[in-house]
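Chemist:
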Amino acid sequence: MSIERLFLLDPYNDKHISMIKDFEKENDLSSKISENIGKIRSSISKENYLNKKKKSNEISENLFLEKNLKIIDCCLIQGEKDIKTCRISFYSLKNRIIKRKLVNYVANYALNTLGMEEVFINVSSSDKSMINYLNSLGYENLGEDNNKIIYLKEKEEKKEEQRKIA
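What the sequence shown shows, in our numbering, is residues 924 to 1089, in sequence order.
#1: Which residues in the same chain have their Cβ closer than 8 Å to the Cβ of GLU1003, if we skip the five residues on either side of it in sequence?
#2: Can you tell me the Cα-Cα spacing of ASN1064 and SER953, whole angstroms?
#3: Please name the residue in LYS962, GLN1001 and LEU988 whose C-alpha comes closest to that of LEU931.
#4: ILE1023 to LYS975, Cα distance in whole Å?
#5: Leaving out five residues on either side along the sequence, give the residues of the same chain with a beta carbon under 6 Å from the beta carbon of PHE1013.
#6: Flag this pair as yes or no: are the beta carbons of VAL1046 and ILE1054 separated by less than 8 Å?
#7: Between SER1048 and GLU1067, is the Cβ-Cβ spacing less than 8 Å?
#8: Does DSSP put GLY1061 in a helix, a strand or coil?
#9: Going straight from the alpha carbon of ASP1005 to that of ASN950, what length do you get?
#10: Taking the alpha carbon of LYS938 as the point to measure from, which residue in VAL1026, GLU927, ILE994 and GLU1077 has its own alpha carbon closest?
#11: Going by DSSP in three states, SER1048 sits in which element: helix, strand or coil?
#12: How big is the Cα-Cα spacing for TYR1032 and ASN1058?
#13: Buried or exposed, going by whether 16 or more other CB atoms sit within 10 Å of the CB of ILE1011?
#14: Taking C-beta to C-beta, are PRO934 and ILE960 nearer than 8 Å?
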């Protein structure tokens, strides 16, 4: 039985880089992810990278779902620790998945591990399967902007407080 595992991309892990390059190739993505990783690796040591990441207010992390030593889905989380808000962008998949399991894993990671209170997900207005999936999960549709539909998931405690106030 094959197991799916969630990983935080380590820019200094050669295995992760190889898997990302394969993912980009399989999904006809420009090598944006691997190029950014290359820039990080060539400009800063691993130790300095980790120290900078701990001290920085900004969050920028790639997470991926792996199965059988192969990336099956990948996304980017960008946010700010002080305002506890982040945006999640999913990379396009050549073979569309009706239910992208990574959505809930990453939203829960952002809310519970990173301490975010609001998670925004931008979805192309043409990606009907992702739109239907987010709607079925109860994400709040905030409307469309530049052919992207913006969805929101808030931390449960915050939702409860808002209900009590209203």
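Using N, Cα and C, we set each Cβ at its ideal position, and we do this for glycine too. Predicted model only: the values in this text are computed from it and were never measured.
Modeler: On the basis of the supplied data:
#1: Short of 8 Å from the beta carbon of GLU1003, and not among the five residues preceding or following it, lie these beta carbons of its own chain, in chain order: ASN980, GLU981, ILE982 and CYS1009.
#2: 29 Å
#3: The shortest CA-to-CA distance from LEU931 to any of LYS962, GLN1001 and LEU988 is the one to LEU988.
#4: Sequence check: residue 1023 is Arg here, not Ile. Distance from the CA atom of ARG1023 to the CA atom of LYS975, rounded to whole angstroms, is 31 Å.
#5: Result list for PHE1013: CYS998, in chain order.
#6: The answer is yes: Cβ separation under 8 Å.
#7: yes
#8: GLY1061: coil per DSSP, three-state reduction.
#9: Each residue's Cα considered, the two are about 35 Å apart.
#10: ILE994
#11: coil
#12: The alpha-carbon atoms of TYR1032 and ASN1058 are separated by roughly 20 Å.
#13: It is buried - the Cβ of ILE1011 has at least 16 other Cβ atoms within 10 Å.
#14: yes
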